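Just so you know, we're using our numbering here: the sequence shown kicks off at 1 and counts up by one.
Taking it in order: structure first as structure tokens, then the write-up.
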Amino acid sequence: ALKLGQARGAAIVAATNSGLTIAEYSARQIKQAVVGTGAADKSQVQHMVKTILKLPGTPQADAADALAVALCHAHSHTSIARLAGQATKTVRGRLR
1 ALKLGQARGA AIVAATNSGL TIAEYSARQI KQAVVGTGAA DKSQVQHMVK
51 TILKLPGTPQ ADAADALAVA LCHAHSHTSI ARLAGQATKT VRGRLR
């Protein structure tokens, strides 16, 4: 756990020093955004990621977790922009 924390800290410092914006979400927030309940298990996350992204097969647990974080962030980004009155647009299916 200590080494993971150190690696996470180093990644955050490197990203911040490069001018990137950092966003953090708890596991419960991610599950809530993707599945609809913060108490979802891994198989539920995998199923919803497959369904939302229309994937041909069920992604491995680690891949589903990473995609779930991306979905949570995309959802949060558009929600925050709407609240702020900013227009969000997509270019070739990607948020801009």
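Glycine included, C-beta positions come from ideal geometry on N, C-alpha and C.
The structure displayed is predicted, hence computed values, not measured ones.
Every alpha helix (DSSP H) stretch that sits fully inside the region 23-72 and reaches 4 residues is listed by chain position as 27-34, 42-53. Straight through space, the alpha carbons of Ala11 and Ala66 are spaced by roughly 16 Å. Where Leu4 is concerned, the enclosing alpha helix (DSSP H) starts and stops at 2-17. If you check the CB distance, His77 and Ala33 do not come in under 8 Å. The straight-line gap separating the alpha-carbon atoms of Asp62 and Met48 is approximately 14 Å. Around the beta carbon of Lys31, a 10 Å sphere encloses 16 or more other beta carbons of the protein chains shown; the residue is thus reported as buried.
In this structure, the straight-line span from the alpha carbon of Leu2 to that of Ser26 is close to 18 Å. In this structure, the CA atom of Ala7 is about 20 Å from the CA atom of Ala70.
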